[in-house]
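The structure appears below as structure tokens.
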Amino acid sequence: MHHVDTSERPVVLIWEVTQACGLSCDHCRADAQPDRHPDELSTAEGRRLLKEATAFGEGQLVVLSGGDPLVRDDIAELVAYGDELGLRTTMTPSGTRSLSTARVEALADAGLKRIAVSLDGASAERHDAFRGETGSFAETIRAVEDARNVGIPVQVNTTVCRETVGDLPAIRSLVSEVGAVMWSVFFLVPIGRGRVLEPIDPAEADAVMRWLAVVAEEEPFGLKTTEAPHYRRVVAQRSADDASDADGGGGNGGRTGVIAGDGFAFVSHTGEVYPSGFLPQSVGSVRERPVHELYREAPLFRKLRDRDALEGKCGACPYRTVCGGSRSRAYAHTGNPLESDPLCPYVPSGYDGPLPWESSSPTA
Ligand code: SF4
Numbered sequence: 036m037h038h039v040d041t042s043e044r045p046v047v048l049i050w051e052v053t054q055a056c057g058l059s060c061d062h063c064r065a066d067a068q069p070d071r072h073p074d075e076l077s078t079a080e081g082r083r084l085l086k087e088a089t090a091f092g093e094g095q096l097v098v099l100s101g102g103d104p105l106v107r108d109d110i111a112e113l114v115a116y117g118d119e120l121g122l123r124t125t126m127t128p129s130g131t132r133s134l135s136t137a138r139v140e141a142l143a144d145a146g147l148k149r150i151a152v153s154l155d156g157a158s159a160e161r162h163d164a165f166r167g168e169t170g171s172f173a174e175t176i177r178a179v180e181d182a183r184n185v186g187i188p189v190q191v192n193t194t195v196c197r198e199t200v201g202d203l204p205a206i207r208s209l210v211s212e213v214g215a216v217m218w219s220v221f222f223l224v225p226i227g228r229g230r231v232l233e234p235i236d237p238a239e240a241d242a243v244m245r246w247l248a249v250v251a252e253e254e255p256f257g258l259k260t261t262e263a264p265h266y267r268r269v270v271a272q273r274s275a276d277d278a279s280d281a282d283g284g285g286g287n288g289g290r291t292g293v294i295a296g297d298g299f300a301f302v303s304h305t306g307e308v309y310p311s312g313f314l315p316q317s318v319g320s321v322r323e324r325p326v327h328e329l330y331r332e333a334p335l336f337r338k339l340r341d342r343d344a345l346e347g348k349c350g351a352c353p354y355r356t357v358c359g360g361s362r363s364r365a366y367a368h369t370g371n372p373l374e375s376d377p378l379c380p381y382v383p384s385g386y387d388g389p390l391p392w393e394s395s396s397p398t399a
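Under this note's numbering, the first residue of the sequence shown is numbered 36, with each subsequent residue one higher.
Following this line, the structure appears as structure tokens:
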């Protein structure tokens, strides 16, 4: 999967199967609701979407997200159908009681390839306070054990913001203890309920990424960032500083980075297609047009794949191919998805245009 032509297919296709969820996390992107939306894609529409996703090619990765995907009683059927079609289907449940031992077993039988759980604190107090529900931490750890017992690899997702940044070293140890295969570190994009959280500042984000690059070298699990492609710039800069580190330090410096619309696509619960769940600009519905056509042909997606179309300091940046900045954060900040990512402190040499942290009047 390393040499995916991202103009043809996404590395990651996310389908938000529902916005319904038993939790109400402070930071929820989906603005989750207790009940399923009446206009959600039906079982038949979901099956058609999965079938169309096979047009992307062999082994397409499809992440079933939410809300809590386990709210849908057809979820195991959808996983099994994806598996039958040759898709690699993974899931991000909410880590509530809905992820019972019996359901974990059913998902394993259905052919689920990975479960991603959220850990936003290394202790019950901190995690549960962040997620707004007592017992969430214990349920998550139990679900991780269940997944390991039935042989489903586990990924841990963590949100980085002011409230969690101090706990990252302890969370890293927990990721290692639970035997996760991947740690996905999400740098907050302040949209939806995420607006109530406070992002860290750009210099701190770079410091966290330099630390993550060391973690990636030291730990057996994989590490990736979400909505923070400048991790690849940080890894590339480290490699340049240390000539002995020729392979890019365990990260993917040098390769074109996946960003919204370029290696990444999101299908909402009602079938709208966005470049990312954090860039809520629809290019059309899978009810009208197949997902592979929208991904390949929608003008917004094509523009997001043209790194020379970037604006601001990202457009002037020598790292725009390996990085490209979070298009979602640029959009949240300015209303223009091609603008600079305000979380990146790097200023390309010779650049004398506007800097995102100085702009006092965003157009959004
Ligand atoms: S300026 Fe933009 S493209 Fe360059 S490293 Fe920062 S976020 Fe990436």
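Glycine included, C-beta positions come from ideal geometry on N, C-alpha and C.
1) Would you say Glu140 and Val185 are within 8 Å of each other, going by their C-beta atoms?
2) By the three-class DSSP mapping on this structure, what secondary structure does Ser357 have?
3) Mind reading off the beta-carbon distance from Pro377 to His368? Whole number of angstroms is fine, and I expect it under 8 Å.
4) Where does Arg149 sit, in a helix, a strand or coil, going by DSSP?
5) Should the segment 83 to 101 be called in touch with the segment 50 to 59, which here means at least 3 C-beta pairs below 8 Å?
6) When DSSP labels each residue in this structure, what does Gly257 get in the three-state scheme?
7) Tell me, which residues are paired with Leu96 by DSSP?
8) In three-state terms, what does DSSP make of Ser219?
9) Let's see if you can read the secondary structure: which residues bound the beta strand (DSSP E) around Leu335?
10) Counting by C-beta, which residues lie closer than 5 Å to a heavy atom of ligand 1, in chain order?
11) Check this for me: beta carbons of Lys86 and Arg123, under 8 Å apart or not?
12) Could you give the distance in angstroms between the alpha-carbon of Arg322 and the alpha-carbon of Glu254?
13) Over the uninterrupted beta strand (DSSP E) stretch that includes Phe313, give me the two end residues.
14) Please give the ranges of any beta strand (DSSP E) in the segment 148 to 180, keeping only runs that are unbroken, at least 3 residues long and fully inside the region.
15) Hey, quick one: how far does the alpha helix (DSSP H) through Val210 stretch, first residue to last?
16) What's the C-alpha gap between Lys259 and Val191?
17) In chain order, what residues of the same chain have a beta carbon less than 7 Å from the beta carbon of Ala344, not counting five sequence neighbours either side?
18) Sort out for me which residues DSSP pairs Asp297 with in a bridge.
19) Is DSSP giving Gly289 helix, strand or coil here?
20) Could you tell me the alpha carbon to alpha carbon distance between Leu335 and Gly296, rounded to whole angstroms?
21) Only counting the same chain, and skipping five residues up and downstream in sequence, which positions put a Cβ closer than 6 Å to that of Arg268?
22) So, with DSSP's three-state summary, where would you put Glu51?
23) Would you call the CB atoms of Phe301 and Ala263 closer than 8 Å?
24) Which word fits Thr175, buried or exposed, when buried means at least 16 other C-beta atoms lie within 10 angstroms of its C-beta?
25) Please check the pair Val189 and Ala215, which I expect to be a contact at CB under 8 Å, by giving their CB distance rounded to whole angstroms.
26) Three-state secondary structure (DSSP) at Arg371?
From the atom records:
1) Mapped onto the sequence shown, residue 140 falls at position 105. Mapped onto the sequence shown, residue 185 falls at position 150. Between Glu140 and Val185, the CB-CB gap stays under 8 Å.
2) Residue numbering aside, residue 357 sits at position 322 when the sequence shown is read from its first letter. This sequence places Val at residue 357; Ser is not what is there. DSSP places Val357 in coil when its eight states are reduced to three.
3) In the sequence shown, the residue the question calls residue 377 occupies position 342. In the sequence shown, the residue the question calls residue 368 occupies position 333. Yes, Pro377 and His368 are in contact; Cβ-Cβ is about 5 Å, under 8 Å.
4) Taking the first residue of the sequence shown as position 1, residue 149 is located at position 114. Note: Arg149 maps to strand in three-state DSSP.
5) Counting Cβ pairs under 8 Å, three or more are found: they touch.
6) Stepping through the sequence shown from its first residue, residue 257 is reached at position 222. Gly257 falls in the strand class under three-state DSSP.
7) Taking the sequence shown and counting its residues from 1, the one referred to as residue 96 is at position 61. Bridge partners of Leu96: Arg123.
8) For this step, residue 219 is matched to residue 184 along the sequence shown. Three-state DSSP puts Ser219 in a strand.
9) If you number the sequence shown from 1, residue 335 lands on position 300. Unbroken run through Leu335 is the alpha helix (DSSP H), 334 to 339; no beta strand (DSSP E).
10) What you get when you keep residues with a C-beta closer than 5 Å to any heavy atom of ligand 1 is His265, Arg268, Lys348, Cys349, Cys352, Tyr354, Arg355, Cys358, Gly360, Asp376, Cys379, Tyr381.
11) Residue 86 sits at position 51 when you count from the first residue of the sequence shown. Residue 123 sits at position 88 when you count from the first residue of the sequence shown. Taking 8 Å as the Cβ cut-off, Lys86 and Arg123 do not qualify as a contacting pair.
12) Within the sequence shown, residue 322 is the residue found at index 287, counting from 1. Within the sequence shown, residue 254 is the residue found at index 219, counting from 1. Approximately 43 Å, taken between the alpha carbons.
13) Here residue 313 refers to the residue found at position 278 when the sequence shown is read from its first residue. Run containing Phe313: none; DSSP gives neither H nor E here.
14) 149 to 153
15) Along the sequence shown, one-based indexing puts residue 210 at 175. It spans 203 to 212 - the alpha helix (DSSP H) in which Val210 sits, taken as one unbroken run.
16) Counted from its first residue, the sequence shown places residue 259 at position 224. Counted from its first residue, the sequence shown places residue 191 at position 156. Rounded to whole angstroms, Lys259 to Val191 spans 11 Å at the Cα level.
17) If you number the sequence shown from 1, residue 344 lands on position 309. Closer than 7 Å at the Cβ level, and outside the excluded window around Ala344, lie Lys338, Leu373.
18) As a position in the sequence shown, residue 297 is number 262, starting the count at 1. DSSP output for Asp297 lists Ile294 as bridge partner(s).
19) Counted from its first residue, the sequence shown places residue 289 at position 254. Only weak support is given to the placement of Gly289: the predicted model assigns it a pLDDT of 47, under 50, and the question is left unresolved by the model.
20) Your numbering for residue 335 matches position 300 in the sequence shown. Your numbering for residue 296 matches position 261 in the sequence shown. Spanning the two alpha carbons is a distance of roughly 8 Å.
21) Locating residue 268 in the sequence shown gives position 233, counting from the first residue. The answer, listed in chain order, is Tyr354, Cys358.
22) As a working note, residue 51 is residue 16 in the sequence shown. In this structure, Glu51 counts as strand in the three-state DSSP scheme.
23) Within the sequence shown, residue 301 is the residue found at index 266, counting from 1. Within the sequence shown, residue 263 is the residue found at index 228, counting from 1. Not in contact: Phe301 and Ala263 (Cβ atoms no closer than 8 Å).
24) As a working note, residue 175 is residue 140 in the sequence shown. Thr175 should be labelled buried.
25) Translated into the one-based positions of the sequence shown, residue 189 becomes position 154. Translated into the one-based positions of the sequence shown, residue 215 becomes position 180. The pair is a contact, with the Cβ atoms about 5 Å apart (cut-off 8 Å).
26) Within the sequence shown, residue 371 is the residue found at index 336, counting from 1. At residue 371 the sequence reads Asn, which differs from the Arg that was named. In the structure shown, Asn371 sits in coil (DSSP, three-state: anything other than H, G, I, E or B).
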